[in-house]
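Report on the structure given below.
Chains as they are written, first to last, in the working numbering: chain A, 754 to 1065; chain B, 7 to 499; chain C, 603 to 894.
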């Protein structure tokens, strides 16, 4: 019997015996995710329950799709879904583009001191929380005494009220997103460039290829796996937003809501005084399912191009 | 060997003694809102010293931060462990949580038995207000806050421009115009996000409509002086015209630059910028304005108070359930917890300790019995400022008057008893369970379509109001109103 | 040595673009530092200034008024960050190594097992009840270490790096030399992954350092509160809840300058470690040196 399993080279047991050590090395992480991620995942049922304290998660009565109703009846579901999708796509593309640009430019810099200094500087925004950024932005841009408008008025021009113009925000928000995260993102690409084989570059250089040509033909293609993995990871979060950024920078500003409303801000506004677990779970589930569908599609496309690059 | 035994016996004795002490002191865990000021630990130590002597209990105090309220407050109750009592209030979803079974039911007998002082100090209507479907789940405060909403303006500027005293927010136009014209550096009204948003609008609207008070958050309010508990929809005639008139006034103020352009992104509240001289009008209530008044007086602004009242000259008194405590449904030591709360809520020594801290450290008394700061302690450095620690349910009648009260403020306090009237809806707790989806939609509509109208940031008032009405309709406000009426009818039958 | 024109060009481009971005990134922080030294009156009246009209160190004296407390807060944060980052990095890279190896048949299943948790979660209630009621982790140092411990993103980035930049041949030859999986991992994979380990280590450390969510949810004891939570409480008390504040007697709002000063205090130390890590992911490594 045992020999039969052992001889069956496709078998589960055979694999376990052959690579047992490797699987054992995976165990700590596996156990962690089982406990801290899969176990609580059963709580998805809360989205379909009328939660009460005595019944808890399992004992509370079911209420079908009732928790989703506010979401659908708000009449804004389509709009916020599209907004979320567009903003996050914009963020992801801008983030990747600037991270790569910064990483390549820094890695080509001659001076080590400059490399270090610039990188540290680019990292600073990561530490400023959105609440503080919001106060900063308000102080820079507000109509009455903002630094920018003081200057603009000084030049004899009309002051700008950015908080009244919905068209500006699709630019302002990605700007701050990149501002906050580019230091973070470029680190990965720097590491990836550092891991690249230098010989290729040298050979090409001797052949007379200039640096721009080498970046296009050697550096960038080698960054492709990193780009794809970041893309896939980003797509997996595409329906969740930087809630804090939207909430703090924009505020609940009626004039900007149509242009800046994402799923998370809609849910926050609707539930701010409700304290209802079921309703917030329902929104979370909606986001999860959309993310799931989108990632399956994107991963499928990647898989067709290059199987080894796909996430799963 | 003998020595060894001796040592052992000492050890054993020590162990016994320590477990004995643990057994004697019952640990009671409570939750308050906000975050304790820096001196909290010292006060808690002093409190526990007293508690140990008086009833053999030890209080462990935890805080639920302001913006964790929506998530952590229900979570702590859902976990139900390590919690004996928790701050509760009508504005913090008391009814919702009680209906879901978060709190232990209390009866008058239980209260009489374990909280004799509090039972004596609390009028019977307080317990009626705390009733949800006929059952009590909260210990309401014996002394509700006595406060009214108000605006403050700068008396020095008003006099400088030769304007008559202002008694109503509607009479501010001349003052705002003069300030705007003569002081380019001052923003007449610098509203912050949150609290400030609806303040000027409703202050103006109050002059036009019956005395209204918030019922559920949409456009329908309760007439708080009407014994018949009638409802007022401010978006229906005869009030719609008034609503539009006020909206137009706000729009003109906004366009003239009397109000800052982007209150929604401004984190500095109007009263803070007023205190620092950045703006000329501040909004607040008669309790939280004290600090602003003394600061403004010190800066020579000569602050003048404009009470915000309904057209009858009244303001609804806070209910007893505006501040209170609930016992967690699974509390094991609820008897001791009630006894402890009886001390904290009613005993003069305990009340002074939890509310004002340690005498000589965070407060002192003047020879004539007024409350003041100890020598060398400034308001900023006070380790335990009043109100900050969150024991808002303590008996406020025990508080001494304060040395920093300005004459205008003392005058206002005297007037309060004529201004405050009983809110006829005070014992009614709306149970939102059946219409929670509709309420969520309405909350959403109000912030998107009502708030811009209320600060005047709309280009066409008629159109904006029409949109608001249509959106409230599609958010099914009618259904909520029907449910509200049904619950009212059932409650006041 | 004279540089060729294309190298001069890219360096020039680098200085211009990176210089501009660095300026945009640094200016707000500088404004923050400068204004944390400003008086409250000056901030509210004139807004944030490039040079304060009224200097005042009040905010800092307030923060350091109780040095024991602030030291304790720092201590907790450093302990959690150090311990957590070490553990997380070791176990994450181990797992990443496993899913990167071609001969592991179920590696895609395992990757999906990890990735799936990114997409679906059971919501706050279940998680809270699990951690506080079932695992009894509330008010322990462990909760601060465990909750933010693993990021699927980091593990998958590590996997990607190991799979693409460590040549299969090196692992094969080590195996022929008789090294077992654990040995290969410690003696070959880890040293060769230095750049990515440094960057992931940085991310993890930053994650721990900036984590305010875990203490907000699970820590009530004051002496276990880390730095960011203290900052968070201060910043947050103003905004989210302002809607309810109307009901309160008074809520003492923290001063604007104090919020800025606290941000500076909470950021300073972690910025200092950056240059030390940085050399690993900029300098790179040569594969030959490890092989020999």
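Every residue, glycine too, gets a C-beta built ideally from N, C-alpha and C. Predicted model, so just to flag it, every value in this text is computed and none were measured.
Cβ-based burial, residue i [other Cβ within 10 Å; buried from 16]
i                      : result
residue 843 (chain C)  : At residue 843 (chain C) the pLDDT is 42, less than 50, meaning the model places this residue with poor confidence; the figure from the coordinates comes in the next sentence. Buried: at least 16 other Cβ atoms inside 10 Å.
residue 244 (chain B)  : exposed
residue 920 (chain A)  : exposed
residue 363 (chain B)  : buried
residue 259 (chain B)  : buried
residue 375 (chain B)  : exposed
residue 765 (chain A)  : exposed
residue 1029 (chain A) : buried
residue 771 (chain C)  : exposed
residue 663 (chain C)  : exposed
residue 751 (chain C)  : buried
residue 416 (chain B)  : exposed
residue 1053 (chain A) : exposed
residue 850 (chain A)  : exposed
residue 951 (chain A)  : exposed
Min CB distance residue i to chain B below 8 Å
i                      : result
residue 1007 (chain A) : yes
residue 836 (chain A)  : no
residue 668 (chain C)  : yes
residue 1016 (chain A) : no
residue 647 (chain C)  : yes
residue 882 (chain A)  : no
Residue i vs residue j beta-carbon contact at 8 Å
i                      : j                     : result
residue 36 (chain B)   : residue 65 (chain B)  : yes
residue 520 (chain B)  : residue 354 (chain B) : The question about residue 520 (chain B) has no answer here: the residues shown for chain B are numbered 7 through 499.
residue 370 (chain B)  : residue 380 (chain B) : yes
residue 169 (chain B)  : residue 176 (chain B) : no
residue 490 (chain B)  : residue 225 (chain B) : no
residue 156 (chain B)  : residue 265 (chain B) : no
residue 1047 (chain A) : residue 980 (chain A) : no
residue 889 (chain A)  : residue 630 (chain C) : yes
Below-8 Å beta-carbon distance, residue i vs any chain A residue
i                     : result
residue 193 (chain B) : yes
residue 277 (chain B) : no
residue 455 (chain B) : yes
residue 267 (chain B) : yes
residue 841 (chain C) : Legend: pLDDT at residue 841 (chain C) = 45, less than 50; position of this residue unreliable, no value from coordinates given.
First through last residue of the alpha helix (DSSP H) which encompasses residue i
i                     : result
residue 284 (chain B) : Note, residue 284 (chain B): premise wrong, no alpha helix (DSSP H); not H, not E.
residue 186 (chain B) : 179-188
residue 785 (chain C) : 783-786
residue 330 (chain B) : Not the alpha helix (DSSP H): residue 330 (chain B) falls in the beta strand (DSSP E), residues 330-333.
residue 709 (chain C) : 709-721
Nearest to residue i (by Cα), restricted to the options the options
i                      : options                       : result
residue 191 (chain B)  : C:644, C:630, C:837           : C:644
residue 1042 (chain A) : A:993, A:844, A:972, A:829    : A:993
residue 935 (chain A)  : A:856, A:914, A:842           : A:856
residue 882 (chain A)  : A:1022, A:1064, A:1024, A:999 : A:999
residue 472 (chain B)  : B:46, B:223, B:250, B:131     : B:250
residue 790 (chain C)  : C:871, C:815, C:699, C:824    : C:699
residue 114 (chain B)  : B:107, B:105, B:124           : B:124
residue 348 (chain B)  : B:448, B:399, B:136, B:94     : B:399
Boundaries (first-last residue) of the beta strand (DSSP E) holding residue i
i                     : result
residue 841 (chain A) : Segment 830-860 is the alpha helix (DSSP H) holding residue 841 (chain A); no beta strand (DSSP E) there.
residue 36 (chain B)  : 32-39
residue 226 (chain B) : 226-229
residue 97 (chain B)  : Neither: residue 97 (chain B) is in no beta strand (DSSP E) and is coded neither H nor E.
residue 68 (chain B)  : 63-70
Test: residue i CB closer than 8 Å to a CB of chain C
i                     : result
residue 948 (chain A) : yes
residue 74 (chain B)  : yes
residue 846 (chain A) : no
residue 876 (chain A) : yes
residue 71 (chain B)  : yes
residue 284 (chain B) : yes
### Message
Closer than 8 Å between beta carbons: that is the criterion. Which residues of the region 1019-1053 of chain A meet it against chain F?
### Response
As a matter of chain content, chain F is missing from the structure shown, whose protein chains are A, B and C.
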